[in-house]
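S.K.:
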Amino acid sequence: MEPRDIEGDLTEILIDEEQIRARLAELCRVIEKDYAGKDLLLVGVLKGAVMVMADLARELVHPITMDWMAVSSYGSGTQSSGVVRILKDLDTDLHGRNVLIVEDIIDSGLTLSWLLANLKSRGPESVEICALLRKPAAARVDIDVKYLGFDIPNQFVVGYGLDFDERYRNLRSVGVLAPHIYA
Ligand code: PRP
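Using full-length UniProt numbering, you'd call the opening residue of the sequence shown number 1 and step up by one each time.
#1: Can at least three beta-carbon pairs, one atom from the segment 112 to 120 and one from the segment 24 to 41, be found at a separation below 8 angstroms?
#2: Buried or exposed for Ala49, please, with buried defined as at least 16 other CB atoms from any protein chain shown within 10 angstroms of its CB.
#3: Could you check which residue in Phe156, Ala183, Gly82 and Ile129 has the C-alpha nearest to that of Tyr147?
#4: Taking the C-alpha atoms as reference points, what is the distance between Leu177 and Gln155?
#5: What residues are listed by DSSP as bridge partners for Lys88?
#6: If we call anything under 9 angstroms between Cβ atoms a contact, is Ile64 one with Leu40?
#7: Any idea if Ala131 is buried or exposed, counting beta-carbon neighbours within 10 angstroms, 16 or more meaning buried?
#8: From the DSSP secondary-structure annotation, give me the bridge partner or partners of Cys130.
#9: What residues match up with Gly44 in a beta bridge as DSSP calls it?
#10: Taking 8 angstroms as the cut-off, is the CB of Val127 close to at least one heavy atom of ligand 1?
#11: When DSSP labels each residue in this structure, what does residue 187 get in the three-state scheme?
#12: Helix or strand or just coil, what does DSSP make of Glu12?
#13: What span of residues does the alpha helix (DSSP H) with Leu112 cover, start to end?
#14: Report, in whole angstroms, the separation of the C-beta atoms of Arg172 and Gly161, which I expect to be a contact under 8 angstroms.
#15: Classify Val141 as helix, strand or coil using the three-state DSSP reduction.
#16: Please classify Met51 as buried or exposed, where buried requires at least 16 other C-beta atoms within 10 Å of its C-beta.
#17: Could you give the first and the last residue of the continuous beta strand (DSSP E) run that contains Val174?
#18: What does the alpha-carbon distance come out to for the pair Glu7 and Val127?
This is the structure in structure tokens:
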């Protein structure tokens, strides 16, 4: 879906398809160097990370395996509470594995902070993070992101995996949702 297909729902296109593609390619070249000669397990966090996982995995010139987790943050509405419940766990034993967590966005950072500690406790060789987007102004905990796509303003963004009420995930760009949609 293109921004023109939902005209009026966005106030702005923040990052378009080509910018995403180019930035992911840059990140992949760095990842390939960092993991040369090593196994690499990509762990995607459902559902938002589906698009970035699919594009990152295909761009990598490196044998990888993929696994998925679904987590849910306890708490009300759109605010992360930091208390996370596992809805779907990994199928993979992490002992001795090099794990790269793949996320669409770091907002408060609470989800990743919890996930990082959880995965590190499973005996992996290494755990790093790759996130397409980060909102520095929304950060409540400091997260060490090794591979970051873009820092963005603290606005309600949708597209490329990111939803509002499960909609807009299939938008090819990342855009700012018009207030009349969520008001
Ligand atoms: C989003 C996103 C991250 C999390 C980031 O997921 O994919 O997992 O929120 O927020 P935080 O940094 O404040 O913890 P969401 O819970 O919206 O679920 P979804 O991926 O299914 O859309």
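C-beta: ideal position from N, C-alpha, C; glycine also.
These numbers come from a predicted model, not from an experiment.
M.R.: So, from the listed chains and residues:
#1: At 8 angstroms Cβ cutoff, the stretches do not touch.
#2: Label assigned to Ala49: buried.
#3: The candidate whose alpha carbon is nearest that of Tyr147 is Ile129.
#4: So the two alpha carbons sit approximately 8 angstroms from each other.
#5: Note: Lys88 is bridge-paired with Ala70 in the DSSP secondary-structure output.
#6: The answer is yes: Cβ separation under 9 angstroms.
#7: A residue is called buried when at least 16 other Cβ atoms come within 10 angstroms of its Cβ; Ala131 meets this threshold and is buried.
#8: Beta-bridge pairing links Cys130 to Val102 and Tyr147.
#9: Among the bridge pairs identified by DSSP, Gly44 is matched with Trp68 and Val102.
#10: Not under cutoff, so the answer is no.
#11: Because residue 187 is not part of the residues shown, which for the chain are 1 to 183, the question remains open.
#12: Three-state DSSP puts Glu12 in a strand.
#13: Counting along the chain, the alpha helix (DSSP H) containing Leu112 begins and ends at Leu110 to Lys120.
#14: Not confirmed; about 11 angstroms, so no contact.
#15: Assignment of Val141 by DSSP, reduced to helix, strand and coil, places it in the coil class.
#16: Buried, because 16 or more other Cβ atoms sit within 10 Å of the Cβ of Met51.
#17: Here the beta strand (DSSP E) through Val174 covers Val174 to Leu177.
#18: For Glu7 and Val127, the distance between alpha carbons rounds to 40 angstroms.
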